[in-house]
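Okay, structure first, notes after.
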Amino acid sequence: AYPDGRLTLMENGEYYWRNRVRAQMDRVKALRGKTVDIVFLGDSQTHFMEGRWGRLESPWPSVTAFTNGLKTLNLGIGGDRTEHALWRAKNGQLDGYRAKAVSILIGSNDGGKRDSADDIVRGVAEIVKTVQAKQPDATIVLTALFPNRFTTGDPQETKRSEIRAGVRKLTDGRKVLWLDVGDELRG
Numbered sequence: 014a015y016p017d018g019r020l021t022l023m024e025n026g027e028y029y030w031r032n033r034v035r036a037q038m039d040r041v042k043a044l045r046g047k048t049v050d051i052v053f054l055g056d057s058q059t060h061f062m063e064g065r066w067g068r069l070e071s072p073w074p075s076v077t078a079f080t081n082g083l084k085t086l087n088l089g090i091g092g093d094r095t096e097h098a099l100w101r102a103k104n105g106q107l108d109g110y111r112a113k114a115v116s117i118l119i120g121s122n123d124g125g126k127r128d129s130a131d132d133i134v135r136g137v138a139e140i141v142k143t144v145q146a147k148q149p150d151a152t153i154v155l156t157a158l159f160p161n162r163f164t165t166g167d168p169q170e171t172k173r174s175e176i177r178a179g180v181r182k183l184t185d186g187r188k189v190l191w192l193d194v195g196d197e198l199r200g
């Protein structure tokens with residue numbers, strides 16, 4: 014494990030989900046009774062906001078470069094699907110502390126053939142409901158899935174566009190907000 018607890022590796026050097034969850038829960042317990050400015054909930058795109066993932070360097074700067082000393086909690090886990098983030102949200106990761114904002118970026122790993130865009134949007138809606146129940150004072154920021162491919166007509170990118178459109182409908186402009194940086198990522 015790294016000294017700061019960002020990542021725990023198995024004996025053979027491979028990433029291990031269960032250890033990541035344990036490390037996150039240790040951080041959650043340490044925050045009991047405290048306030049967190051921004052909680053990041055999601056998959057590898059969220060996980061990578063820490064600046065690295067094991068031996069891999071993040072393709073973008075660490076989120077700490079943009080949070081200017083705010084207290085953040087990264088609950089992103091590489092490889093997670095919507096149901097994994099929902100399970101973690103329901104089972105302790107949002108308990109015992111007060112979040113001012115919760116950023117949700119999830120659904121990228123759900124895009125295979127077995128899940129429809131509507132299924133994924135319903136999963137994100139369940140996460141939103143769970144966050145609202147467990148962190149009722151928090152503003153939720155739904156972050157659009159990042160572009161996966163930069164060509165029009167690609168079936169996977171078409172599906173991601175449908176997911177973005179569906180998730181955007183979950184916003185209310187007050188307590189559930191929308192953030193789409195796709196155009197900036199496309200260059």
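According to this note's numbering, the sequence shown is numbered sequentially starting from 14.
Every residue gets a Cβ at the ideal spot worked out from N, C-alpha and C, and that includes glycine.
Item to check | Buried/exposed call for D17, threshold 16 Cβ in 10 Å | outcome: Note on D17: pLDDT 43, under 50, position unreliable in the model; the coordinate value appears next. The residue in question, D17, is exposed, as its Cβ has fewer than 16 Cβ neighbours within 10 Å.
Query raised in the report: Thinking just about the alpha-carbon of each residue, which of F53, R111, R187 is nearest to the one in T156?
Result: F53
For L99, three-class secondary structure by DSSP: helix
- Where do the N-terminal and C-terminal ends of the alpha helix (DSSP H) with K113 fall, by residue? Taken as a continuous stretch (DSSP letters only), K113 belongs to no alpha helix (DSSP H), being part of the beta strand (DSSP E) at 111-118.
Check: Hey, is the stretch 123-143 in contact with the stretch 81-92, meaning 3+ C-beta pairs nearer than 8 angstroms?
Finding: no
| First through last residue of the beta strand (DSSP E) which encompasses G89 | 85-89
Exercise for the section: Could you tell me the distance, in whole angstroms, from the CA atom of L183 to the CA atom of V189? Expected result: 7 angstroms
- Query: According to DSSP, which residues form a beta bridge with V154?
  - Reply: S116, L190
Closer than 7 angstroms by C-beta to D150: which residues in its own chain qualify, once you throw out the five before and the five after it? Chain order, please.
R111
Exercise for the section: State the start and end residues of the unbroken beta strand (DSSP E) segment that holds G46. Expected result: That residue, G46, is in no beta strand (DSSP E); it is neither H nor E in DSSP.
Q: Assuming T171 and I133 form a contact by the criterion Cβ under 8 angstroms, report the distance between their Cβ atoms to the nearest whole angstrom.
A: No, T171 and I133 are not in contact; Cβ-Cβ is about 13 angstroms, not under 8 angstroms.
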